[in-house]
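Working notes for the structure below.
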Amino acid sequence: MNGTGRANDTRGGAAVPPVAVVGGGLAGITAALALAEAGWPVTLYEARPRLGGATCSFDRGGLTADNGQHVFLRCCTAYLGLLHRLGSAGRVRLQERFDVRVLTPQGGTGRLRRAALPGPFHLLPALARYRLLSPADRLRAVRGALALRGLDPAEPALDRAALGGWLAANGQRESVRRALWDLFAVAALNIPPEEAALGPAAMVFKTALLGRADAADIGVPSVPLGDLHGGAALAAIARLGGRVRLRAKVDAVLPGPAIRVDGRRIEASAVVVAAPHGQAARLVPAEAAPDRDAWAGLGASPIVNVHVVYDRPVTRLPLAAVVGSPVQWIFDRTAAGGLGRGQYLTVSVSAARRWIDVPTAMMRQVFPPELERLLPDARRARVVDFFVTRERRATFRQAPGSGELRPGAATRWPGLFLAGAWTDTGWPDTMEGAVRSGLQAARLARRHLERTRAREGSP
Ligand SMILES: Cc1cc2nc3c(=O)[nH]c(=O)nc-3n(C[C@H](O)[C@H](O)[C@H](O)COP(=O)(O)OP(=O)(O)OC[C@H]3O[C@@H](n4cnc5c(N)ncnc54)[C@H](O)[C@@H]3O)c2cc1C
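Heads up: the sequence shown at position 16 corresponds to 9 in our numbering, and the numbers run straight through without jumps.
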């Protein structure tokens, strides 16, 4: 079992058992760091041999691949804060100005680039010139954007409505949806728009595209995710005196609070459960969270990434969105993956129910030909490697009614808290949501620890 830092500590002179954080994804990492920064002893327990949770990397013959392309936006302020804490802020590339090329297999292209105007007018010039929509559809899109701006994402009725139905009812016909709304909704919510809850969709559109002008500038990692998050977190937590136990699967959360690992009870001054909802429902006692059985209703939605290595460069675009193709987004991963010659592209496919069980050999018959239609230079290149990463439970299903199933950070037990991108963060299941949940759980845990200390009369 790996471990770093100190096991037990004192704060203000009184010995306190460490706070136990269960789960070393971004939520657990954030909670552990925030508690350690505030001077509380903390131990992070992670079942796997690495930190980073749903964001990880692996080696493939000298190439470093991620389990799936991860993207963030400039409005992901909590996530950017985590990168700073991890010393990783210089290891991502954040666009100076939101700029997305949109490709089609028929050869038509569009470009969505923000202008130097204040929000929400910053995208109007791009929309006015967007060649993948007819002039009448551009007008429809503007009307749709105005209607979206009028929605309150926190309104419970929006959680029960579907995005697809709302778009249709607001004049956004199929052509507008496919060439505009779906591009961002599918990537952000990981569910087909007709099955997506309107509330989180409205939140994403309002915050990212219809709010501050710079909110949607796109950020991508320029190093493997395993280095950006997991590796950096191990070092950062140790630097702050926290402890990390890898390959340490927590079996139960017990009254006290305490946890059980390998059959052994470990006392804790507080417990933060930052595991995915399925595992959390098994760990958290029903007395602490009577609604825990309902969490299963959040379900799961898959993401598939198709990785293609060419013997030569096939595109200069760092990223592109695609309309009318199984390819949804393309990312150039050549430098981040450490490829010396040729080009390494990943194709990100969200809401990938259709692809999750398709054998790699069959996917190879679909995706490289499709890339040749989108990127003409790929026709002259040779595919030197092709592989697929599949995340069956990439996010929960952000379907109508899912919002009311997401619990807050507090439980009925005073010292037990929940974190994770699936909890009620106000954000979809994203890195930003995960970090926000970790910060909130840490805030509540600190309040609990301070109250306990005051009650026990510690100095
Ligand atoms: C392929 C893919 C692409 C994605 N793309 C994006 C994107 O572009 N942008 C974006 O913002 N988000 C994206 N996401 C979503 C994002 O990765 C997640 O929302 C976020 O990482 C979840 O973090 P978390 O800490 O809540 O959960 P997790 O990362 O799932 O971490 C939970 C951890 O708990 C551990 N654990 C579980 N049970 C126990 C136990 N009993 N004891 C100890 N440890 C336990 C697990 O091993 C895991 O490490 C993507 C996800 C995937 C899979």
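Ideal placement from N, C-alpha and C gives every residue a C-beta, glycine not left out.
{"Check": "Three-state secondary structure assigned by DSSP to residue 273", "Outcome": "helix"}
{"Check": "Nearest-angstrom Cβ-Cβ length linking residue 48 and residue 239, presumed shorter than 8 Å", "Outcome": "Actually they do not touch by this definition, with Cβ atoms about 16 Å apart."}
{"Check": "Residue burial classification, residue 248 (beta-carbon count within 10 angstroms, cutoff 16)", "Outcome": "exposed"}
{"Check": "Residue 336, buried or exposed, once every other Cβ within 10 Å from all chains shown has been counted against 16", "Outcome": "buried"}
{"Check": "Helix, strand or coil at residue 322 according to DSSP, with G and I counted as helix", "Outcome": "strand"}
{"Check": "The segment 110 to 126 / the segment 344 to 357 touching (three or more Cβ pairs under 8 Å)", "Outcome": "no"}
{"Check": "Cutoff 6 Å; reference residue 270; Cβ partners in own chain excluding five residues on either side", "Outcome": "288, 291 and 415"}
{"Check": "For residue 411, the first and last residue of its enclosing beta strand (DSSP E)", "Outcome": "409 to 411"}
{"Check": "Ligand 1 heavy atom lying under 8 Å from the CB of residue 422", "Outcome": "yes"}
{"Check": "beta-carbon residue 244 near ligand 1 non-hydrogen atom, thresh 8 Å", "Outcome": "yes"}
{"Check": "One or two residues paired with residue 379 in a DSSP bridge", "Outcome": "301"}
{"Check": "Delimiting residues of the beta strand (DSSP E) encompassing residue 214", "Outcome": "211 to 214"}
{"Check": "Close Cβ partners of residue 137 (< 6 Å) along its chain, the five nearest in sequence each way excluded", "Outcome": "163 and 165"}
{"Check": "The segment 304 to 315 / the segment 390 to 410 touching (three or more Cβ pairs under 8 Å)", "Outcome": "no"}
{"Check": "Closest residue to residue 360 among 378, 372 and 340 (Cα-Cα distance)", "Outcome": "340"}
{"Check": "Residue 237 CB to nearest heavy atom of ligand 1 below 8 Å", "Outcome": "no"}
{"Check": "Given 8 Å, three or more beta-carbon pairs between the segment 63 to 83 and the segment 10 to 28", "Outcome": "yes"}
{"Check": "Every unbroken alpha helix (DSSP H) inside the segment 143 to 217 [4 residues or more]", "Outcome": "149 to 153, 156 to 162, 175 to 182 and 191 to 197"}
{"Check": "Whole-angstrom C-beta distance between residue 112 and residue 204, which should lie under 8 Å", "Outcome": "5 Å"}
{"Check": "Beta carbon of residue 265 nearer than 9 Å to that of residue 24", "Outcome": "yes"}
{"Check": "Sequence-distant residues of the same chain with beta carbon closer than 7 Å to residue 326, five excluded per side", "Outcome": "337, 338 and 339"}
{"Check": "heavy atom of ligand 1 below 8 Å from residue 395 C-beta", "Outcome": "no"}
{"Check": "Length of the line joining the Cα atoms of residue 353 and residue 31", "Outcome": "48 Å"}
{"Check": "CA nearest to the CA of residue 42, picked from 374, 91, 227 and 189", "Outcome": "227"}
{"Check": "Paired residues, beta bridge with residue 239 - DSSP", "Outcome": "Note: residue 239 sits in no beta bridge, so no partner."}
{"Check": "Nonlocal neighbours in the same chain, by C-beta distance under 8 Å from residue 447, ignoring five residues either side", "Outcome": "none"}
{"Check": "Proximity test, residue 81 beta-carbon vs ligand 1 heavy atom, cut-off 8 Å", "Outcome": "no"}
{"Check": "Three-state secondary structure (DSSP) of residue 336", "Outcome": "strand"}
{"Check": "Outcome for residue 358 when other beta-carbon atoms lying within 10 angstroms are tallied against a minimum of 16", "Outcome": "exposed"}
{"Check": "For residue 176 and residue 367, believed in contact at Cβ under 8 Å, the rounded distance", "Outcome": "Not really, about 14 Å apart at Cβ, beyond 8 Å."}
{"Check": "Residue 189 beta carbon less than 9 Å from that of residue 391", "Outcome": "yes"}
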